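K.L.:
Protein chains in written order, with UniProt numbering: chain A, 1 to 115; chain B, 1 to 115.
(1) Is there a Cβ of chain A sitting closer than 7 Å to that of residue 107 (chain B), yes or no?
(2) What beta strand (DSSP E) runs, 3 residues minimum, are completely inside the stretch 8-67 of chain A?
(3) Please determine if the stretch 82-94 of chain A and the stretch 54-61 of chain B are in contact, where contact requires at least 3 C-beta pairs separated by less than 8 Å.
(4) Tell me the rounded alpha-carbon separation between residue 71 (chain A) and residue 34 (chain A).
(5) Step through the CB atoms of chain B and report whether any lies within less than 7 Å of the CB of residue 9 (chain A).
(6) Among B:24, B:8, B:77, B:115, which has the Cα closest to the Cα of residue 102 (chain B)?
(7) With three or more C-beta pairs closer than 8 Å as the rule, is the stretch 91-101 of chain B touching the stretch 30-46 of chain B?
(8) Give me the Cβ distance between residue 60 (chain B) and residue 3 (chain B), rounded to the nearest whole Å; I'm assuming they're in contact under 8 Å.
(9) Kindly indicate the opening and closing residues of the beta strand (DSSP E) around residue 4 (chain A).
(10) Using a Cβ-Cβ distance cut-off of 7 Å, determine whether residue 57 (chain B) contacts chain A.
(11) Leaving aside the five residues before and after residue 28 (chain A) along the sequence, list all residues of the same chain whose C-beta is less than 7 Å from its C-beta, in chain order.
(12) Measure the alpha-carbon distance for residue 31 (chain A) versus residue 73 (chain B) and round it to whole angstroms.
(13) Note down, in chain order, every chain A residue with its Cβ under 8 Å from the Cβ of residue 22 (chain B).
(14) Comparing the C-beta of residue 81 (chain B) with each C-beta of chain A, is any distance below 7 Å?
(15) Is DSSP giving residue 83 (chain A) helix, strand or coil here?
(16) Please classify residue 23 (chain B) as buried or exposed, where buried requires at least 16 neighbouring CB atoms within 10 angstroms.
(17) On the DSSP bridge list, what partners appear for residue 92 (chain B)?
(18) What number of angstroms, rounded off, separates the C-alpha of residue 97 (chain A) from the C-alpha of residue 18 (chain A)?
(19) Using CA atoms only, rank isn't needed, just tell me which of A:13, A:21, A:81 is closest to residue 38 (chain A).
(20) Mapping the DSSP letters down to three states, classify residue 115 (chain A) as helix, strand or coil.
(21) Does the Cβ-Cβ distance between residue 47 (chain B) and residue 79 (chain B) come in under 7 Å?
(22) So, does the CB of residue 6 (chain B) fall closer than 7 Å to a CB anywhere in chain A?
(23) Can you grab the Cα-Cα spacing for the pair residue 62 (chain A) / residue 104 (chain A), in whole Å?
Okay, here's the thing in structure tokens:
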């Protein structure tokens, strides 16, 4: 499993999820929302294979490959209908809108009947 | 210090260094050769600052920021005059040519003088 460190930023109107996922292509990243309260980001990075016939060999192998998987619990005010995602320079940025807070209930005046 | 995992591949005519450096810009990466035998790659990734006035705050902070630094000892046959570097999808690829092996010395025939 490849490491997928993430930052989450909260803005007044949105949440922004930043994930380090270097070396992927656009079609290799999947984003979905589970149960309307979990954001799931997954992908897979495949290692370039060493090739005896072409005489390519690994001298050093530190970069982690394989599947990426990251889940984020969403706040009640996350608007899962408003999601955008951009992949640039190996960083995936997922932006999710916030629902406006519920309107405060108006104070209700009760007339006291004079008996 | 940000993590900089690297793979090194050896091809018949070249060495290829692959470094995970997500979230950098082209001008933020420096590549140099020290003493003709060490490849040095450095850079710096700055964290987006939380901003009280704009009401931005970090909810999660896992991505490592700061300076990147990685050194590679080069083989005797590395041709430090032939280096190219490409940064794409958060992965820096440095390709270094190899010097051709020295020509084998020809066997020298010594005439035996008949005394």
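All residues carry an ideal CB built from backbone N, CA and C; glycine is no exception. Given the structure is predicted, the values throughout are model-derived calculations rather than measurements.
P.N.:
For this structure:
(1) No, residue 107 (chain B) does not count as interfacial toward chain A.
(2) Correct list: 14-20, 29-34, 38-45, 57-61.
(3) With a cut-off of 8 Å, the stretch 54-61 of chain B and the stretch 82-94 of chain A do not count as touching, because too few Cβ pairs lie within range.
(4) Put simply, the backbone Cα of residue 71 (chain A) is about 10 Å away from that of residue 34 (chain A).
(5) Among the residues facing chain B, residue 9 (chain A) is included, as its CB has a counterpart in that chain under 7 Å away.
(6) The candidate whose alpha carbon is nearest that of residue 102 (chain B) is B:77.
(7) Cβ pair count under 8 Å is three or more, so yes.
(8) Taking 8 Å as the upper bound for CB-CB distance, residue 60 (chain B) and residue 3 (chain B) are not in contact here, some 18 Å apart.
(9) Segment: none, residue 4 (chain A) is in no beta strand (DSSP E) and carries neither H nor E.
(10) It does; some Cβ of chain A falls within 7 Å.
(11) Setting aside the 5 residues that flank it on each side, residue 28 (chain A) is surrounded in the same chain by 43, 44, each with a C-beta closer than 7 Å to its C-beta; the list follows chain order.
(12) If you take the alpha carbons of residue 31 (chain A) and residue 73 (chain B), they lie about 40 Å apart.
(13) Per Cβ cutoff of 8 Å: 20, 21, 22, 89, 90, 91.
(14) No, residue 81 (chain B) lies away from the interface with chain A (no Cβ there is under 7 Å from its Cβ).
(15) Note: residue 83 (chain A) maps to strand in three-state DSSP.
(16) Buried: at least 16 other Cβ atoms inside 10 Å.
(17) The secondary-structure analysis by DSSP pairs residue 92 (chain B) across a beta bridge with B:19, B:87.
(18) Going by the C-alpha atoms only, they are around 15 Å apart.
(19) A check of alpha carbon separations from residue 38 (chain A) across A:13, A:21, A:81 identifies A:81 as the nearest.
(20) Correct three-state label for residue 115 (chain A): coil.
(21) Not a contact, by the Cβ cut-off of 7 Å.
(22) Yes, residue 6 (chain B) lies at the interface with chain A (some Cβ there is under 7 Å from its Cβ).
(23) Here the alpha carbon of residue 62 (chain A) sits roughly 54 Å from the alpha carbon of residue 104 (chain A).
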